[in-house]
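K.L.:
Before anything else, here's the structure in question.
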Amino acid sequence: MNKIVSLLCGIIFGIGLVISEMINPEKVLGFLNIFRDWDPSLAFVMIGALIVSTPIFHLFKNKNKPVFSSNFSIPTNKQIDKKLIIGSVLFGSGWGLIGLCPGPAITSIALLNMSSAIFVISMFIGFYLASKVN
Amino acid sequence: MNIVNFTPISALTGGLLIGLSVALFFILNGRMIGISGIASNLLVSKNNRIDNFLFLIGLILGPLIYNLISGKEINISISSSLILLIIGGSLVGFGTRLSSGCTSGHGISGISRFSLRSIIATITFMIVGILTVLVTGIL
């Protein structure tokens, strides 16, 4: 059953990225272009997501187990360290350079766009290199 | 600063769906969604491999199903050069794994949990993203 949930949640997430237009790098770069012509839409995407996910998380986090799995798996790392900051700086610079982050990049594979395919392949190389460093 | 191209209704609607996906995945499967984690684990870890794979397939099916139902075309525009795409993609891949999260993992799932780590990560990548756009706009 959790396989169907995984597929379904991916589909819902992907449709959310399409409707909010976050799949379009121009829209994301418009949000980051705060000092000139600013498009605040991305902030509304975050607000929309958080008003659903935040109460649900806190309502269910102390339950015994999730519906289709034996236990909850919640990140436990609380460390504010160099890796967190350097990683976020590197991610932010790549994000600002192109306007794609992992979710929209992978979702945009559906559109058979050559540029986003090159981005996704490079991103997976980055994942692999980071796994060797970590 | 001028406000341009602002689409609050579609942004909020899409955001609610993304939040619903995060909430369902947590209640039903017990995990918090972070797409960089899901994608890189597919590459480097055997844990939850089929779930991770199916989630990413779902992401890719999303635009196709949307197109089928609504009949609307989805247009994106990427004007970056080949070399910038390679640099940008590598930075996003490497950076998100070094900091263990991206816009979804830190920005949505982490902030939902009130994780200080994720709040700091989100503020950092947003500020650096803004500065990057500022600098590339000047160059």
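Residue numbers (my numbering), protein chains in the order written: chain A, 1 to 134; chain B, 1 to 139. We treat Cβ as the ideally placed atom computed from N, Cα and C, and that holds for glycine. None of these values were measured; they are calculated from a predicted model.
Can you look up Asn135(A) in the DSSP assignment and give me helix, strand or coil?
P.N.:
In the structure as shown, chain A begins at 1 and stops at 134. Residue 135(A) is therefore absent and cannot be evaluated.
K.L.:
What runs of the alpha helix (DSSP H), each 4 residues or longer, lie entirely inside the stretch 37-108 of chain A?
P.N.:
The qualifying runs are 41-60, 82-98 and 102-107.
K.L.:
Have a look at Ala164(A) and Ser41(A) and give me their C-alpha separation to the nearest angstrom.
P.N.:
The displayed coordinates of chain A run from 1 to 134. Any statement about residue 164(A) would go beyond what the structure contains.
K.L.:
Out of Val18(A), Leu8(A) and Asn33(A), point me to the one whose CA is closest to Ile74(B)'s CA.
P.N.:
Within the second sequence, numbered from 1, the residue matching residue 74(B) stands at position 74. If we check each option's Cα against that of Ile74(B), Val18(A) comes out closest.
K.L.:
Nearest-angstrom Cα distance between Met1(B) and Ile34(A)?
P.N.:
Here the question's residue 1(B) lines up with position 1 in the second sequence. Here the question's residue 34(A) lines up with position 34 in the first sequence. Going by the C-alpha atoms only, they are around 7 Å apart.
K.L.:
Report the CB separation of Gly95(B) from Gly87(A) in whole angstroms; it is logged as a contact under 8 Å.
P.N.:
Counted from its first residue, the second sequence places residue 95(B) at position 95. Counted from its first residue, the first sequence places residue 87(A) at position 87. Yes, Gly95(B) and Gly87(A) are in contact; Cβ-Cβ is about 5 Å, under 8 Å.
K.L.:
Rounded to whole angstroms, what's the CA-CA distance from Ile120(B) to His106(B)? Just pull it up for me.
P.N.:
Position 120 of the second sequence holds residue 120(B). Position 106 of the second sequence holds residue 106(B). Approximately 9 Å between the Cα atoms of the pair.
K.L.:
Three Cβ pairs or more, each shorter than 8 Å: is that satisfied between the stretch 97-112 of chain A and the stretch 58-67 of chain B?
P.N.:
They touch, by the three-pair rule.
K.L.:
Across which residues does DSSP place Arg97(B) in a beta bridge pair?
P.N.:
Counting from one through the second sequence, the residue named residue 97(B) turns up at place 97. BP columns for Arg97(B) are empty, so no partner.
K.L.:
Helix, strand or coil for Asn5(B), going by three-state DSSP, please let me know.
P.N.:
The count along the second sequence starts at 1 and reaches residue 5(B) at position 5. Of the three classes helix, strand and coil, the one that applies to Asn5(B) here is coil, per DSSP.
K.L.:
For Ser104(B), which residues in the same chain have their Cβ closer than 7 Å to its Cβ, ignoring the five residues on either side in sequence?
P.N.:
Stepping through the second sequence from its first residue, residue 104(B) is reached at position 104. Ile33, Gly34 and Ile35, listed in sequence order.
K.L.:
In three-state terms, what does DSSP make of Arg31(B)?
P.N.:
Along the second sequence, read from residue 1 onward, the residue named residue 31(B) stands at position 31. Correct three-state label for Arg31(B): strand.
K.L.:
Going by the CB atoms, is the gap between Asn77(A) and Ser45(B) shorter than 9 Å?
P.N.:
In the second sequence, residue 45(B) corresponds to position 45, counting from 1. In the first sequence, residue 77(A) corresponds to position 77, counting from 1. For Ser45(B) and Asn77(A), no; Cβs fall outside 9 Å.
K.L.:
Could you give the DSSP three-state label for Asn2(A): helix, strand or coil?
P.N.:
In the first sequence, counting from the first residue as 1, residue 2(A) sits at position 2. Note: Asn2(A) maps to helix in three-state DSSP.
K.L.:
Report the residue from Gly14(B), Ile78(B) and Ser115(B) whose alpha carbon sits nearest the alpha carbon of Gly62(B).
P.N.:
Within the second sequence, numbered from 1, the residue matching residue 62(B) stands at position 62. Per the Cα distances, Gly14(B).
K.L.:
With a Cβ-Cβ cutoff of 9 Å, do Ser93(A) and Leu17(B) count as a contact?
P.N.:
Here the question's residue 93(A) lines up with position 93 in the first sequence. Here the question's residue 17(B) lines up with position 17 in the second sequence. Cβ distance not < 9 Å, so Ser93(A) and Leu17(B) don't count as in contact.
K.L.:
Less than 8 Å between the CB atoms is what I'm expecting for Val133(B) and Leu32(A), so what's the real figure, rounded?
P.N.:
Indexing the second sequence from 1 puts residue 133(B) at position 133. Indexing the first sequence from 1 puts residue 32(A) at position 32. The pair is a contact, with the Cβ atoms about 4 Å apart (cut-off 8 Å).
K.L.:
What residues of chain B sit near Asn113(A), judged by a beta carbon separation below 7 Å?
P.N.:
Residue numbering aside, residue 113(A) sits at position 113 when the first sequence is read from its first letter. Simply Ile76 and Ile78.
K.L.:
Measuring only between beta-carbons, confirm whether Asn134(A) sits less than 9 Å from chain B.
P.N.:
Counted from its first residue, the first sequence places residue 134(A) at position 134. By this cut-off, Asn134(A) is an interface position.
K.L.:
Is Leu131(B) near the ligand ATP, in the sense that its beta carbon is under 8 Å from a heavy atom of that ligand?
P.N.:
Of the ligands one can find in the structure shown there are none, so the ligand ATP has no counterpart to examine.
K.L.:
Could you list which residues in chain B have their beta carbon closer than 8 Å to that of Thr107(A), in chain order?
P.N.:
For the purposes of this step, residue 107(A) is taken as residue 107 along the first sequence, with counting starting at 1. Simply Leu59, Ile60, Gly62 and Pro63.
K.L.:
Within 10 Å of its beta-carbon, does Gly137(B) have 16 or more other beta-carbons around it, so buried, or fewer, so exposed?
P.N.:
Start at 1 with the first residue of the second sequence, and residue 137(B) comes out as number 137. Counting Cβ neighbours within 10 Å, Gly137(B) comes out exposed, since fewer than 16 surround it.
K.L.:
What do you reckon, are the CB atoms on Leu50(A) and Gly19(B) nearer than 9 Å?
P.N.:
By one-based count along the first sequence, residue 50(A) stands at place 50. By one-based count along the second sequence, residue 19(B) stands at place 19. The answer is yes: Cβ separation under 9 Å.
K.L.:
Roughly how many whole angstroms lie between the Cα atoms of Ile56(A) and Trp38(A)?
P.N.:
Taking the first sequence and counting its residues from 1, one reaches residue 56(A) at position 56. Taking the first sequence and counting its residues from 1, one reaches residue 38(A) at position 38. Cα-Cα distance, rounded: 31 Å.
K.L.:
Is Asn62(A) close to chain B, meaning its C-beta is less than 9 Å from at least one C-beta of that chain?
P.N.:
Position 62 of the first sequence, counted from the first residue, corresponds to residue 62(A). Output row for Asn62(A): interface = no.
K.L.:
So, helix, strand or coil for Ser40(B), using DSSP?
P.N.:
Here residue 40(B) is taken as the residue at index 40 of the second sequence, counted from 1. Helix, per DSSP.
K.L.:
Using a Cβ cut-off of 9 Å (strictly closer), state whether Gly107(B) contacts chain A.
P.N.:
In the second sequence, the residue the question calls residue 107(B) occupies position 107. Closer than 9 Å to some Cβ of chain A, the Cβ of Gly107(B) qualifies, so yes.
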